[in-house]
Amino acid sequence: MSSQELRKVMSEPEPLSLHVPEPAVRPGGNPDFSNVKIPRAGAVPRPEIDVDPETIRELAFSIIRVLNRNGEAVGPWAGLLSDEELIEGMRHMMTLRTFDARMLIAQRQGKTSFYMQHLGEEAISCAFRKALSPGDMNFPTYRQAGLLIAGGYSMVDMMCQVYSNSRDPLKGRQLPVMYASKEHGFFTISGNLATQYVQAVGWAMASAISKDTKIAAAWIGDGSTAESDFHAALVFASTYKAPVVLNIVNNQWAISTFQGIARGGSGTFAARGLGFGIPSLRVDGNDYLAVHAAAKWAIERARRNLGPTLIEYVTYRVGAHSTSDDPSAYRPKTESDAWPLGDPIIRLKNHLIVKGVWSEERHKQTEAEILDTVIAAQKEAESYGTLHAGGKPSARDMFDRVYAEMPPHLRRQRQQAGV
Amino acid sequence: MSSQELRKVMSEPEPLSLHVPEPAVRPGGNPDFSNVKIPRAGAVPRPEIDVDPETIRELAFSIIRVLNRNGEAVGPWAGLLSDEELIEGMRHMMTLRTFDARMLIAQRQGKTSFYMQHLGEEAISCAFRKALSPGDMNFPTYRQAGLLIAGGYSMVDMMCQVYSNSRDPLKGRQLPVMYASKEHGFFTISGNLATQYVQAVGWAMASAISKDTKIAAAWIGDGSTAESDFHAALVFASTYKAPVVLNIVNNQWAISTFQGIARGGSGTFAARGLGFGIPSLRVDGNDYLAVHAAAKWAIERARRNLGPTLIEYVTYRVGAHSTSDDPSAYRPKTESDAWPLGDPIIRLKNHLIVKGVWSEERHKQTEAEILDTVIAAQKEAESYGTLHAGGKPSARDMFDRVYAEMPPHLRRQRQQAGV
Amino acid sequence: MARMTMIEAIRDAMDVMMARDERVVVFGEDVGYFGGVFRCTAGLQQKYGKTRCFDTPISEAGIVGTAIGMASYGLRPCVEIQFADYMYPAYDQIVSEAARLRYRSNGEFTCPLVIRMPTGGGIFGGQTHSQSPEALFTHVAGLKTVVPSNPYDAKGLLISAIEDPDPVIFLEPKRLYNGPFDGHHDRPITPWSKHELGEVPSGHFVLPLGKASVVRTGSAVTVLAYGTMVYVAQAAATETGIDAEIIDLRTLIPLDLETIAASVRKTGRCVVVHEATLTSGFGAELAALVQESCFFHLEAPITRVTGWDTPYPHAQEWDYFPGPARVGRALVETVEA
Amino acid sequence: MARMTMIEAIRDAMDVMMARDERVVVFGEDVGYFGGVFRCTAGLQQKYGKTRCFDTPISEAGIVGTAIGMASYGLRPCVEIQFADYMYPAYDQIVSEAARLRYRSNGEFTCPLVIRMPTGGGIFGGQTHSQSPEALFTHVAGLKTVVPSNPYDAKGLLISAIEDPDPVIFLEPKRLYNGPFDGHHDRPITPWSKHELGEVPSGHFVLPLGKASVVRTGSAVTVLAYGTMVYVAQAAATETGIDAEIIDLRTLIPLDLETIAASVRKTGRCVVVHEATLTSGFGAELAALVQESCFFHLEAPITRVTGWDTPYPHAQEWDYFPGPARVGRALVETVEA
Ligand SMILES: Cc1ncc(C[n+]2csc(CCOP(=O)(O)OP(=O)(O)O)c2C)c(N)n1
Ligand SMILES: Cc1ncc(C[n+]2csc(CCOP(=O)(O)OP(=O)(O)O)c2C)c(N)n1
Ligand SMILES: [Mg+2]
Ligand SMILES: [Mg+2]
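Chains as they are written, first to last, in numbering that gives the first Met the number 0: chain A, 0 to 418; chain B, 0 to 418; chain C, 0 to 336; chain D, 0 to 336.
This is the structure in C-alpha cells:
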C-alpha cells in the first residue's frame, strides 16, 4: 500500500468491533472436532536431547503420538517400556478411574463436600510419574492424582483426606483432593490456580543451587496458563535454565470456557514456550506411551542440566469440572464421544491385546480385582470417619501448624475457643 | 539414545548447577556488542497489513532498519515521511534532549527531587507519536515524554509537574516525570511497572466495544516484560484481537541488570509475541524512519481491526537509569559509544543533510533556538515555584480527588490537619 | 415488587444498568455464556450480546487491569472475581491503579469500576472458597467497600456502585445468596422467597453508599455487623434475650460512623462481629473508632467476635465460623462487664 | 562491636548467615552484581558466588514464587523487594502460599523465607516509594512481621528472621537507613556512626521475634510506635515535656502484648503512631487490643496519629508525614483528656 492509500484508510476508518472467541459447538449442536489437526502416530521426529530449541519450533504445533489406530506402537518415540511396565501403567489408570468413580459416589452420598475426577485424562499423570526418579518433586494441580496412584501412595490415606476424617493426613484443613506428600514427590496442592507453576521453577533452581540431581515437574491446566504466575515461571525457567518440566494439561475446557478463551490467537498452548526459547512439545495426552516418552525426554533434558522443557498434553475432560459443575449447560452432552483421541485406557488395552499380553477377559478380571481393592480401601477409610459422621480432626487441630510454634495470640484464641 | 543408555545416564546423573546470565562486559572491560546481530538497512521485507502472523515469525528475530550508514533511507519501509515531517521530527528529538538536559541540571540544583531522561532513545516516542491519530491513547512508561513533546503538550506544564509547583497540573501529588494528559493521549504514568500494559489492552477493547475508531498504544521496558501484567496484556490482546500496539523499548538495561536477565533463553523480546500468534516486529529504535514506519504498520493493523502487533525497539539507554543511579558501577563507561546503532539525532541529521534539506549550520542554529525556547519555558515554570521554593500546591490539595466527592472521614482528617 | 434471591437481585441490578447505560459491561471467568458459577450473570450475554457480557481468560489481573483501561476510556465495567479468595492476583491493579487513578492524575483519568466477588464461608469451601478479605480493601485510600446482607440492599447498593464515579469493591456473602443464614448450620434456611427482605423493587432504584441500617433496636449493647453476621447477631440476641441494637453497616468505606456512634452512646457497650480473621480485621478499625468517638460513654471493653487467626479450615468449618453461640457469649459478657 | 549504618547491619546479618549456612540464598532486582539500589547486598555476590546471591528479572511474583519453591526444597531464601510499594504483584504468593504451606500440608511442606523490603516515606519518593503496608501482612495468618528501628535491632532481628522456620516479612524503614530520623526534616540527622544504637556486635547474635523494647520510660502516657515513628515519638515527648513511655514494638506479629498492656495499665493512656494510612492500619489493631486488655485502666481514648487516608503525596510530603508536632499535640490532648 502506498503512503497515500494508507492515509486515505487512516482518515476514514471503519468502526472497530470486539472479537470474542466461541467454541465450534454449543449444547444442542453436533460435536465437531474437525478443526483439531491430528497427525499420524509416529510422524513426529524425536530430536536429540540437546537440540537447539529454535530448530524444533514445529513440534509445538504438531502432536507426538505413538499408538496408532491399530493399537500398534510406532515411530521414533516408541519402544521405551517393557510389557510389564505397560501392564503396570494399565493398572494405574484403571485404579485411578475406579478410585474416582467411588469417590464421586461417596460425594453424592454426602460423605464429603466436594470431589474432582480425572476421567479421560488418566494417562497423563500415571505415565509421567513412571518417568520420574525418586526424590523428584511434582507441583500438581487437583487433576494429577495419578502421580500418587502410580507412585504407590496409600489409597486409604488419599480417601481419608477426601473424607476429612480422623486419619486425614492434612487434619481436615484442606478441601478434598488437595493432597500433599513430600515422600511421594507431591507438593501440597493450592486452591489458587497457577501459583505452583513458578514454585516448581524455584524448587528446581534450589536443586541446581544445591548441586543436587533432583528435578521438578510443574503442572497447570489450559485455562490456568492465562494466570500471571505462568509467565513468571517461564521467565525464571528460561533465564536460569532451571531443571524443570513445564506441563500443560490441555483438556479443552476450563470449567465452562473452551480452550480458545485462554489460548487466543496462538495455534497451541505449547507455542507459549517459543517466546522463551524453551523447547516445546505437544503430545497426545490419551496415549500412555506418547506421554511417557515425551516425559522421559524432557526429564532427561532437565536432569542433564539442559534446562526446561514445556509439554502440552492434548486431552479431553470427559467428566464435569468438579462435583459442583454440570457441563451440559455449556457443551454438547456427546462431545466427549466425538473426541478424536479416544480413551486412554481403551487405547492401551488394545495395544496390549495386539501385543498378545492382554485380553478382554484379563481386563475384566483386573477391573474386578481393582474394584475390590478400592472398595476395601474405602471401607477402611470410612471406618475412620467421613466428613459429617464418625471420627474427625479436632477443633484443636485447627489452631495447629499455622506456625511451627504457636504464638501467644493463637494460644489465647485456642483457649477462648475452649479446645 | 537407546532406553538402556538412557537408563544408565538416569541412574548416574551429574550434579546440576544454576545458570545465571551475565553481560558480555562489566566495568573495567572493553565494551563489546559483537553478539548483537544487525542486518543491513532495507533488508527486512514489509509484509501486507493483513498478513498471517505465523508466516512472519522471522521478523521477531531481525531488525527493521531504514537509514543506512550513508544516511540514505532504503528498502520497503522507507518513503513514508515528507521532508517537512522529517525536519519536524528532528526538532522534536532535539527539544526532548534539551528538555532533559535542563531538567537534569535543575534536579542537581535541588529544584526537584528526581528526574529521568531519554538520552539515546528520543526517536522512539517522538516518531511513534506522529503515526497516531487524534484520540488515540498511549499508556506510557516514564521514558516516553517524546509522546508529549511531539504531540505539542506545553513544556511549561511538563516542567511545572517536574517542579511540583503551584501550577503543577497534578497538584504536587506525583513524582516528577509522571505526567498525565487525556487531551494529549497520555495516560497517567504509574510508578508500578507494567500495570499500564494490560490497561492499554482494556482501553483498546473498550474502543472496540464502543465501535469507536481509536486505538491504544502500550509501552513497556525490556526489564519490565518480566512482570506478570505483561502476560495478562498479551493473553487478553490475543484473545479479543484488541486494537492495540504493544511496544517494548529494549534499551539493553533495567537499572543495573542487562537485558539477558529478563530475556532469558529467547533470542529477542519480540519473540514473546510468537507464543500468542501476535505479529511481532523488531525495529531499529535509533532510526526515526524505521520507528515511524513500523509504528504506522502496526497502528494501521489495529485501526483495521486486525488486532494487536508487538514491536520491540532495539536501542540503548545512554544515560543513568534516573538521577538516583550511577551506571559506572555496573557497565563500562564507554559502552554507549560502542553501541552499534548510533545516535538517533545524528543519524537523522545525516539523512537530512544527505537529502540536501539540512546542514551542520542549520543544525547548530536550531539547537540554539530550541535551547532558548526551553530556557524560556523553564524560566516561566520556575516563576511558579520549584519543589522547595516559591509557589507550591497546598496541603488541602493533598486531600482532594481521592474520591470524586470527599467522604466524611477524609473531611474529618482534613479538618484535623487544619487545612 | 417481586421476591428474589440475592443472586437474582444482583443479576437484576446489572440487567437494569445494562439496559439503561450502554457503557455498562460485565465480564469475568465463566461469566458470559454460562452465566457465572453462582449464576449471577445468567442470561445477560443472551440479552446484551457478547461484547457487553463475556467470558475471560483465567487471569484476575487481566480482568481488573483491562477493566481499569475500559473505565478510563469511559465505560463502566462491572466485573466478577469468581471467589474473593482469588482476588490476590488482581490486588496490585486494585490498590496501585484503580484506587489511585483519579488522585495521581488530578482527575484527568478516573476509574468508575465495580469489582464483585463472593465472600465468606459456611459452604465447606475450605481455605480458598471462604475468605473475607474486606480489611485488605478498607486500608486502601481511594476504594469504597460494600457488603450487602439481603436482596433488597444488594440491588440498591449494586446500582449505586455501578453509578459511582469511583472504584467500588462489592462483596457478596455467598452464604446469603439463597436465604438468610444465622449460623445454625444444622437447621434449614428460610429461602428469600419466604422472607420480606426478598421483596425487591423492579427497575431502577438506589440505596446510597455509606448509610448503615439499624436492623434491631435495643438499649443494652450495640452490635456492629455486616453480611452473614447480621443474621448471626440477630439469632444471638434472640437466643440470649439480650436487648441488643444491631447495626448492619452495609458499606464499610465510607462508614456511617454517625449511626454507629449514636447507638453506642446510647447503649454504652459494643460488640463487633465479622467472619474474617481477628488480627487487623475490619473489626479492629471499628473498635478503634468506637472507643475514639464514644470513650466516655463506654461501660465495657469493645469485644470482637471473629474468625480465628488461622486459614479457614475445611472440616472444622463450624468451629471456625463465629456462630450464634460465640456471639451470644460475647453479648452476655459485654452486658455483664 | 562496630559502628554500622542500618544498611551495613542488614548486610552483615545476611553475610553472617550466608557464611554459617549454605542454605541461605539472597536474590532480587539489582541485588546481585550491583548490590541492591540501597546497597544492602553489596559484596555478597562477590563473596558467595552467583548462585548464592543473584539478580532476578523484574517480577516480584517470580521472586517470591521461586523463593517459596526453594524454601520448600530446604533452602532458606532471603529475598528483597526493591520497595514495599512493589510487593503487590507478589501478594498472592505471600498470602495464599508462603503463609499457608505449613498449615495446609500439615507440616509436610514448610516455608522458611524472609522477604525484606524498604518501607516508609520521608525521601520525596512519592506514592510508589513511600508506602508502609504492614497492616496488609498482619491480617494474614501464617506470617510474621518485623520492623526494626536501628542497626542493632536490624541485625539481631534479621538473623532471627532467617533462622525462623516460617515466612517473615522484614520491613526496613528506609528513612532510618543512615541515621535516626525524628521528623525534623529541616535539621541534619545524626549518622549512625555517631549514635549508640549504631553499635552492632560482630558475628552471630539474635534478638527474639515478638519482644518489644521500652525505649523511654514514663508514667503519663504510653506511646506505641515502630520504625521511624520511634524517633518521632521521642522528639515529641522531649519537645512537649510529657512523661511518655515509648515502646518500640519491633515485631508486629507476634506482638508483645504483655509489655504493651503492662505499660498502659501503668500510664492509663495510650497514643499509637504509624506512618501508614489511618483506616485499617496496624494502629487500629493496637487500639482494639489495648482497649480490650486495659479497658478499666484507661483514662482517655486511645489516639492514633498516622498518615492520612490518601496516597502518599510528593510535594506535600511533610504535610502527610505524622511528624513531632502532630504527635506532640496528640500527647498533650491525651494527657489532658
Ligand atoms: C486464582 C484462581 N482463579 C480462579 C479459580 C477458580 N477455578 C478453579 S478451577 C478453574 C478452571 C481451571 O481450568 P484449567 O486450568 O483448564 O484446569 P482443568 O480444571 O481443566 O483441569 C477455575 C476458574 C481458582 N481456583 N483460582
Ligand atoms: C513493580 C515494580 N517493581 C520494581 C520497580 C523498580 N524499578 C523502577 S524502574 C526499574 C527498571 C525498569 O527497567 P526497564 O523496564 O528496562 O525500563 P527502562 O528503565 O530501561 O526504561 C525498576 C526495577 C518498580 N517501579 N515497579
Ligand atoms: Mg482445562
Ligand atoms: Mg530497559
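Ideal Cβ placement from N, Cα and C applies to all residues, glycine included.
Sub-8 Å separation of residue i and residue j beta-carbons
i	j	result
His138(C)	Thr276(D)	yes
Asn105(D)	Arg410(A)	no
Asp11(D)	Leu43(D)	no
Pro278(A)	Ile55(A)	yes
Ala253(A)	Gly272(A)	no
Thr118(D)	Glu171(D)	yes
Tyr162(B)	Ala380(B)	yes
Minimum Cβ-Cβ distance from residue i to chain B less than 8 Å
i	result
Glu33(D)	Here residue 33(D) turns out to be Phe, not Glu, going by the sequence shown. Yes, Phe33(D) lies at the interface with chain B (some Cβ there is under 8 Å from its Cβ).
Asn177(C)	no
Thr40(D)	no
Glu291(C)	no
Asp20(D)	no
Alpha-carbon spacing of residue i relative to residue j, whole angstroms
i	j	result
Asp181(D)	Thr189(D)	10 Å
Ala140(D)	Met5(C)	31 Å
Ala235(C)	Val167(D)	38 Å
Leu74(C)	Ala205(B)	7 Å
Gln92(C)	Phe235(B)	15 Å
Met115(A)	Val36(C)	16 Å
Arg166(B)	Glu335(D)	42 Å
Trp76(B)	Ala292(B)	6 Å
Pro147(C)	Thr227(C)	9 Å
Lys181(B)	Arg103(C)	13 Å
Asp324(A)	Ser159(C)	32 Å
Residue i at chain D interface by Cβ criterion, 8 Å
i	result
Ala179(A)	yes
Leu135(C)	yes
Tyr329(B)	yes
Glu337(C)	Since the displayed chain C opens at 0 and closes at 336, residue 337(C) lies outside it and no answer follows.
Identified DSSP bridge partners for residue i
i	result
Leu223(D)	Ile246(D), Val271(D)
Phe257(B)	Trp252(B)
Asn246(B)	Trp218(B), Ile310(B)
Ala72(A)	Leu66(A)
Gly283(D)	Per the sequence presented here, residue 283(D) reads as Ala, with Gly not at that position. Partner(s): none; Ala283(D) has no beta bridge.
Any chain A beta carbon closer than 8 Å to residue i
i	result
Pro133(B)	no
Interface flag, residue i vs chain C, CB-CB below 8 Å
i	result
Ser206(B)	yes
Pro14(A)	no
Ala182(A)	Checking the displayed sequence, the identity of residue 182(A) turns out to be Glu instead of Ala. No, Glu182(A) lies away from the interface with chain C (no Cβ there is under 8 Å from its Cβ).
Problem - Cβ contact (3+ pairs, closer than 8 Å) linking the segment 113 to 123 of chain C and the segment 253 to 273 of chain D - result: Taking 8 Å as the limit for Cβ pairs, the verdict is that the segment 253 to 273 of chain D does not touch the segment 113 to 123 of chain C.
Exercise for the section: May I ask you to verify whether the segment 277 to 295 of chain B touches the segment 48 to 64 of chain B, counting CB pairs closer than 8 Å and requiring at least 3? Expected result: Touching, yes.
Handout entry: Cβ pair count under 8 Å reaching 3, the segment 173 to 182 of chain A against the segment 215 to 226 of chain A
Key = No, the segment 173 to 182 of chain A is not in contact with the segment 215 to 226 of chain A.
Problem - Stretch-stretch touch, CB-based, cutoff 8 Å, three pairs: the segment 86 to 105 of chain B with the segment 117 to 132 of chain B - result: For the pair of segments examined, the segment 86 to 105 of chain B was found to touch the segment 117 to 132 of chain B: the number of CB pairs separated by less than 8 Å reaches three.
Practice task
Evaluate contact between the segment 133 to 142 of chain A and the segment 179 to 193 of chain A, counting only Cβ atoms and requiring at least three cross-stretch pairs below 8 Å.
Solution key: Yes: the two stretches touch, three or more of their Cβ pairs being nearer than 8 Å.
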